[in-house]
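Structure first, commentary second.
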Amino acid sequence: QLLYEAAFDGQPEVVRRALDAGADADAMGEDDGDEEDAHMQPALTAAVQCGSVACMRVLLEEGADPNKGNDFDGSTPAHVAATSDQPDCLKVLLDASADKDKSDKHGTTPAVCAAITGSADCLRLLLEAGADMEKAGDTGKTPACHAAAFGYTECLRVLLDADGDKEKTDASGLTPLHKAAAANRPEHLKRLLEAGADKDGAAAIGGFTPMLLASQQGSIECLRLLIEAGADASIEDERGRTPAYCAACGSESECLRLLL
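Letter 180 of the sequence shown, counting from 1, is numbered 174 in the numbering used here, and no numbers are missing.
Written out as structure tokens, the structure reads:
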């Protein structure tokens, strides 16, 4: 426990002394969360949590496994670094041959973690390391889908500049463009359109187009951008509804005016 606590507190000298005294570099300790959520995780993860690159280097030099996960959901140090926007820590892990595409128990990769939390710097590092940006977790959402849905423009830019699949769909058949339209993210929608995303693509489930979703959700700026891009307002979903019909039913009068 001394090793874990020293790593969690960012004390590399104490970490070194504990290792010299025979402590296991992969020793597990209890995280500092609520009692109900408490779980065991390796000292290396604790070092990442406090952002101590020095502690990480000591542990890795003494054989700590960069891919060892916690006993809760299997999150590795790389998952934690990406989630907490710690690019310096993530680089140390990748340099130590951490698995860039390692999935936790939910199928979530470090790249998905970075996209969910908006860590563009971590995404860049993972891309440079050759991480698979089309690998999705149990939700079926790729990093690009998450970035578009949560409104992280810089993450989306990083992914698109790296030729990420802008047409990759989630479990519901929605692309990043669908997500941006539904969430009223005009800056992301514009970026996707500029990258060549299909403005009239129909979702595999429901047949929704980006324009229909924008009309339904009252995403006026997104709707305006789609109209300017030449999106087809006559396309119906599987229930025979047009964007104008959805705007009218949702009392989205401003959207309806744009469509008429």
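All residues carry an ideal CB built from backbone N, CA and C; glycine is no exception.
Bear in mind the structure is a predicted one, so any value in this text is a computation, not a measurement.
Put simply, the backbone Cα of H100 is about 31 Å away from that of L(-4).
Note on geometry: alpha-carbon atoms of D79 and E24 lie some 22 Å from one another. Under the three-state reduction of DSSP, E24 is assigned to strand.
For Q5, no beta strand (DSSP E) encloses it, and the DSSP letter there is neither H nor E. The three-state secondary structure of M127, taken from DSSP, is coil.
Residue range 34 to 36 is occupied by the beta strand (DSSP E) that includes Q35.
Per DSSP, reduced to three states, the secondary structure at E246 is coil, with no helix or strand assignment. Taking 8 Å as the upper bound for CB-CB distance, K160 and A191 are in contact here, some 5 Å apart. DSSP, reduced to helix, strand and coil, places L254 outside both helices and strands of the structure shown, so it counts as coil. Boundaries of the alpha helix (DSSP H) harbouring T77: 71 to 77, taken from the DSSP string. For P71, the closest of A105, P36, L150 by C-alpha to C-alpha distance is P36.
Apart from sequence neighbours up to five positions away, the residues of its chain that approach V8 with a beta-carbon distance below 7 Å are A0, ordered along the chain.
Sorting S166, G63, A12, C243 by C-alpha distance to the C-alpha of S209 places C243 at the top. Boundaries of the alpha helix (DSSP H) harbouring D89: 81 to 89, taken from the DSSP string. For D155, the closest C-alpha among the options R118, K173, A238, A176 is that of R118. Ranking T133, A125, T77, I110 by CA distance to the CA of L88 puts A125 first. Around the beta carbon of I110, 16 or more other beta carbons sit within 10 angstroms, so the residue counts as buried.
In the displayed model, D59 falls within coil according to three-state DSSP, outside both helix and strand.
Secondary structure at S209: helix, using DSSP grouped into helix, strand and coil.
The beta carbon of A40 lies closer than 6 Å to those of Y(-2), A1, F2 in the same chain, with the five residues before and after it left out. Beyond the five residues adjoining it in sequence on each side, K62 comes within less than 6 Å, by CB distance, of D20, P36 in the same chain, given in chain order.
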